[in-house]
Amino acid sequence: MTGALDTQPNASTFVLDDLVKWAWSGQIRVPHFQRGLRWDRSDVVRLFDSILNGYPIGNLLLWVRNSPAQEVTLGRLVINAPASNDAFWVVDGQQRITSLANALHPSGTADPRFALAYDMDRRQVVPQSSRSDPATIPLPVIFDLQSLIRWQIDHPEFQDRIDEASAITKRLREFSIPVYLVRQDDPKILQVIFDRMNNSGKKLTRAEVFSALYAGQEEQPDDTLSIKVIADRISTDLGFGLIDEDTVLRALLARRGSDVEREIRLEFNIQDRKGSIDFPDEDRDTAFQLGEQALRSAVTFLQDHAGIPHISMLPYRYLLVVLTRYLSFDLEPDPRDARLLRRWFWRSAMSGPTAVKGSTTATTRTLNGLIRPDRHAEAVQALLATTPGFAENGLPDLQNFRTNTASTKIVLASWWHQQPRSVRNGTEHTRSDLSLALDENSTARNVITSIVHPAAIPDEYRNWAAGKMFLIGQDEEIEDLDNLITNHGPLAHTELRTKALESHSINEGNLQQLQDGDIVGFLISRQMTLAAKLRRFLMGMCESSFEDTPSLADLVFDESPDEHADS
Numbered sequence: 001m002t003g004a005l006d007t008q009p010n011a012s013t014f015v016l017d018d019l020v021k022w023a024w025s026g027q028i029r030v031p032h033f034q035r036g037l038r039w040d041r042s043d044v045v046r047l048f049d050s051i052l053n054g055y056p057i058g059n060l061l062l063w064v065r066n067s068p069a070q071e072v073t074l075g076r077l078v079i080n081a082p083a084s085n086d087a088f089w090v091v092d093g094q095q096r097i098t099s100l101a102n103a104l105h106p107s108g109t110a111d112p113r114f115a116l117a118y119d120m121d122r123r124q125v126v127p128q129s130s131r132s133d134p135a136t137i138p139l140p141v142i143f144d145l146q147s148l149i150r151w152q153i154d155h156p157e158f159q160d161r162i163d164e165a166s167a168i169t170k171r172l173r174e175f176s177i178p179v180y181l182v183r184q185d186d187p188k189i190l191q192v193i194f195d196r197m198n199n200s201g202k203k204l205t206r207a208e209v210f211s212a213l214y215a216g217q218e219e220q221p222d223d224t225l226s227i228k229v230i231a232d233r234i235s236t237d238l239g240f241g242l243i244d245e246d247t248v249l250r251a252l253l254a255r256r257g258s259d260v261e262r263e264i265r266l267e268f269n270i271q272d273r274k275g276s277i278d279f280p281d282e283d284r285d286t287a288f289q290l291g292e293q294a295l296r297s298a299v300t301f302l303q304d305h306a307g308i309p310h311i312s313m314l315p316y317r318y319l320l321v322v323l324t325r326y327l328s329f330d331l332e333p334d335p336r337d338a339r340l341l342r343r344w345f346w347r348s349a350m351s352g353p354t355a356v357k358g359s360t361t362a363t364t365r366t367l368n369g370l371i372r373p374d375r376h377a378e379a380v381q382a383l384l385a386t387t388p389g390f391a392e393n394g395l396p397d398l399q400n401f402r403t404n405t406a407s408t409k410i411v412l413a414s415w416w417h418q419q420p421r422s423v424r425n426g427t428e429h430t431r432s433d434l435s436l437a438l439d440e441n442s443t444a445r446n447v448i449t450s451i452v453h454p455a456a457i458p459d460e461y462r463n464w465a466a467g468k469m470f471l472i473g474q475d476e477e478i479e480d481l482d483n484l485i486t487n488h489g490p491l492a493h494t495e496l497r498t499k500a501l502e503s504h505s506i507n508e509g510n511l512q513q514l515q516d517g518d519i520v521g522f523l524i525s526r527q528m529t530l531a532a533k534l535r536r537f538l539m540g541m542c543e544s545s546f547e548d549t550p551s552l553a554d555l556v557f558d559e560s561p562d563e564h565a566d567s
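Its first residue numbered 1, the sequence shown is counted upward by one per residue in the working numbering.
See below:
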């Protein structure tokens, strides 16, 4: 049973002016188990609209505790907070306090979400505008009386409205907010309160709840593993892009047990937890360390064996979760098992979750259940048995190219397999080029361009894959592509030009159609080329006509009857 509070929370009322100044000085801090800022600009506008209209904005819950001097980050504000015997740590109300502190501070408005102003004519909060309008006053100006006076001096035409603006200043600064102050030494109880209070507003993701429940101590080292740290490190170290935190959580849970949707509040509670856990005695830090190791192995497998260089080309994220569980028991599979695992991955990518149970949740649970520590050698065979061959599925849709769909991600992987080259200098693009260009984007939209302006393409062909191609990194200028097509620029009349064009499935035949203005002919011809290459790519990855026999290391041979007779 959860422990009780030492004392009942003390209910108080503070004015907005005091709360904001405490936030600016570092007196108010955000515990590390809190989620990041989830509000967008519309949420912040609604908050100030409520304040200026006198509407309640809800209670705040602050944890009063002794705190060391430290650098505090609050939205865009970075504050050198001094040591304090009674600092206020936000248990509930982080979105509101962060929004107030940033929108009313000149430095905070560097974030567009907080760059707001008060329109005196319309009597409402609006986004700041670059145009000069004396009647539209930035919130940091109207919040501070001295700044408002300087605004009046700089805008003489505003002279008659200073009293009206001062009333807004007074309304903001004196707005009262109910606050509950909790004095409690045990941070676990505060984490329980945090968990129970987050059923309203923007609902916490499962990963955020898990992170809050198992955050560890506030004074933990900066390099302590967390879901966010694991996602960031894999993105930085492997250039795979940023895996969303819910997928990272499922991967960590998959290593420990097949059901990744199990009750996470009991994950490290040996006495109360129900369900199957493969490592029941494992503590939180060990689980995170080995989970990251397994997830890294899965990402490396995708990049080095399966032809998936970046998360934007991963057709289904549940496949990464299953791979993590498999590779947690065999971090470096032998070449034969790696080849079989690649076949399973691509056959599953082609068939999708409907091949097993019809939903990603049920499919993940079923596939994970086939992978057991005591029978790991049989797992890849069991996985392969769940997938149909490539010939039964056909090709992904090339007539509906959308970078956020599984079929287009498969198409993009086949394009990457062709080793696309720069349209500027003809060199092959590397995974580093791709990672740098995509940064943390979850789709490949930023590295895809139209070969022909969409307005010149008839409607029925506008979404065809044939009209798109990779344009990565330094190839930001569309002029480089035009030069490549028209045989101008630095690659003109060189062998590199031909190689660059071919790497994007543009050959002499369809290139001539494009140069002659036969756009439809070009699209039809290139679409056929793309389809042929896609088929070859998938046949090579799925290897449906090959025998799926296990590696010799996994085979069990019968022994002589005379040996081990007692058994």
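Cβ atoms here follow ideal geometry from the backbone N, Cα and C, with glycine treated the same way.
Quiz item: Secondary structure at Y214, three-state DSSP: helix, strand or coil?
Solution: DSSP, reduced to helix, strand and coil, places Y214 outside both helices and strands of the structure shown, so it counts as coil.
Quiz item: From L331 to R173, what distance separates their C-alpha atoms?
Solution: Each residue's Cα considered, the two are about 58 Å apart.
Quiz item: DSSP on S450, reduced to helix/strand/coil?
Solution: Of the three classes helix, strand and coil, the one that applies to S450 here is strand, per DSSP.
Quiz prompt | Residue range of the unbroken alpha helix (DSSP H) whose run includes P280 | solution = For P280, there is no enclosing alpha helix (DSSP H), as DSSP marks it with neither H nor E.
Quiz item: In terms of residues, what are the limits of the alpha helix (DSSP H) holding T87?
Solution: The sequence shown places Ala at residue 87, not Thr. According to the DSSP assignment, A87 belongs to no alpha helix (DSSP H) but to the beta strand (DSSP E) extending over S84 to D92.
Quiz item: Cα-Cα, which of Q128, K499 and G93 is closest to P106?
Solution: Cα-wise, what sits closest to P106 is Q128.
Quiz item: Considering only the beta carbon of each residue, do Q399 and Q527 sit closer than 9 Å?
Solution: Yes, Cβ-Cβ distance for Q399 and Q527 is below 9 Å.
Quiz item: In angstroms, rounded to a whole number, what distance separates the CA positions of L295 and S99?
Solution: Rounded to the nearest angstrom, the two C-alpha atoms are 35 Å apart.
Practice problem: Report the rounded CA-to-CA distance for I311 versus R250, giving the unit in angstroms. | Solution: In this structure, the straight-line span from the alpha carbon of I311 to that of R250 is close to 16 Å.
Quiz prompt | contact_flag[the segment 527-544, the segment 456-472] where n(CB pairs < 8 Å) is 3 or more | solution = Three or more Cβ pairs drawn from the segment 527-544 and the segment 456-472 lie within less than 8 Å of each other, which places the two stretches in contact.
Quiz item: Skipping 5 residues on each side, what residues in its chain have a beta carbon closer than 6 Å to that of A444?
Solution: The residues are S312, T403 and L412.
Practice problem: Use the C-beta contact count for H453: other C-beta atoms within 10 angstroms, 16 or more gives buried, fewer gives exposed. | Solution: Exposed is the label assigned to H453, since fewer than 16 other Cβ atoms lie within 10 Å of its Cβ.
Quiz item: Which residue's Cα is closest to the Cα of S42: P82, D163 and Q95?
Solution: The residue with the shortest Cα to Cα distance from S42 is Q95.
Quiz prompt | Helix, strand or coil at W63 according to DSSP, with G and I counted as helix | solution = In the structure shown, W63 sits in a strand (DSSP, three-state: E or B).
Quiz item: When you compare each of D518, A532 and A362 to E261 by their alpha carbons, which one comes out closest?
Solution: Ranking D518, A532 and A362 by Cα distance to E261 puts A362 first.
Self-check item: Enclosing alpha helix (DSSP H) for P335 [first to last residue]
Solution: P335 to S351 is the extent of the alpha helix (DSSP H) around P335.
Quiz item: What three-state label does DSSP hand L383 in the structure shown?
Solution: In the structure shown, L383 falls within a helical segment according to DSSP collapsed to helix, strand and coil.
Quiz item: Quick check: the segment 419-430 against the segment 530-541, are there 3 or more CB pairs under 8 Å?
Solution: No, the segment 419-430 is not in contact with the segment 530-541.
Quiz item: Quick one: what's Y118 bridged to in DSSP?
Solution: Answer is V125 and I137, bridged to Y118.
Quiz item: From this set, Y326, E547 and P458, which residue's C-alpha is nearest N631's C-alpha?
Solution: Any property of residue 631 remains undetermined from this structure, which presents the chain solely from 1 to 567.
Self-check item: Straight-line gap, S132 to S166 (C-alpha atoms, nearest Å)
Solution: The straight-line gap from Cα to Cα measures roughly 20 Å.
Exercise. Just list the beta strand (DSSP E) runs in the segment 390-469, keeping only unbroken ones of 3 residues or longer that don't cross its boundaries, in chain order.
Key: Taken in chain order, the complete beta strand (DSSP E) segments of 3 or more residues contained in the segment 390-469 are 448-450.
Quiz item: Whole-angstrom Cβ separation of G92 and L60, contact assumed at under 8 Å?
Solution: A small correction: the amino acid at residue 92 is Asp; Gly does not occupy that position in the sequence shown. Indeed they touch by this definition, with Cβ atoms about 7 Å apart.
Quiz item: Taking C-beta to C-beta, are D283 and F268 nearer than 9 Å?
Solution: D283 is a Cβ neighbour of F268, given a cutoff of 9 Å.
Quiz prompt | Start-to-end residues for the beta strand (DSSP E) that takes in A81 | solution = Segment L77 to A81, the beta strand (DSSP E) holding A81.
Quiz item: Around the Cβ of D439, are there at least 16 other Cβ atoms within 10 angstroms (buried) or fewer (exposed)?
Solution: The residue in question, D439, is exposed, as its Cβ has fewer than 16 Cβ neighbours within 10 Å.
Self-check item: Start-to-end residues for the alpha helix (DSSP H) that takes in V260
Solution: The continuous stretches of alpha helix (DSSP H) do not include V260, and DSSP gives it neither H nor E.
Quiz item: How close, in whole Å, do the beta carbons of T205 and E245 come, if the pair is a contact with beta carbons under 8 Å?
Solution: Contact holds; Cβ gap of about 7 Å.
Exercise. Write down the C-beta distance between L252 and F288 rounded to the nearest angstrom, noting that I regard them as a contact closer than 8 Å.
Key: Yes, L252 and F288 are in contact; Cβ-Cβ is about 7 Å, under 8 Å.
Quiz item: Around the C-beta of G239, are 16 or more other C-beta atoms found within 10 angstroms, so that it is buried, or is it exposed?
Solution: Around the beta carbon of G239, a 10 Å sphere encloses 16 or more other beta carbons of the protein chains shown; the residue is thus reported as buried.
Quiz item: Ordered along the chain, which non-local residues of its own chain (more than five positions away) have a Cβ less than 6 Å from that of G26?
Solution: For G26, where only same-chain residues beyond five positions count, the Cβ hits under 6 Å are V72, I79 and A81.
Quiz item: Can you tell which of P490, Y55 and A207 has the C-alpha that lies nearest to the C-alpha of R171?
Solution: The candidate whose alpha carbon is nearest that of R171 is Y55.
Quiz item: For Y318, which of helix, strand or coil comes out of DSSP?
Solution: Assignment of Y318 by DSSP, reduced to helix, strand and coil, places it in the helix class.
Quiz prompt | CA nearest to the CA of Q589, picked from T324, L266, D281 and R265 | solution = Not covered by the structure: residue 589. The range shown for the chain is 1 to 567.
Quiz item: Relative to the alpha-carbon of Q70, which residue among V45, S84 and V229 has its alpha-carbon at the smallest distance?
Solution: Residue nearest to Q70 within the set V45, S84 and V229 is S84 (criterion: CA-CA distance).
Self-check item: Cα-Cα separation between P503 and I485, rounded to whole angstroms
Solution: Reading off the sequence, residue 503 comes out as Ser, not Pro. If I take the Cα positions, the gap works out to 13 Å.
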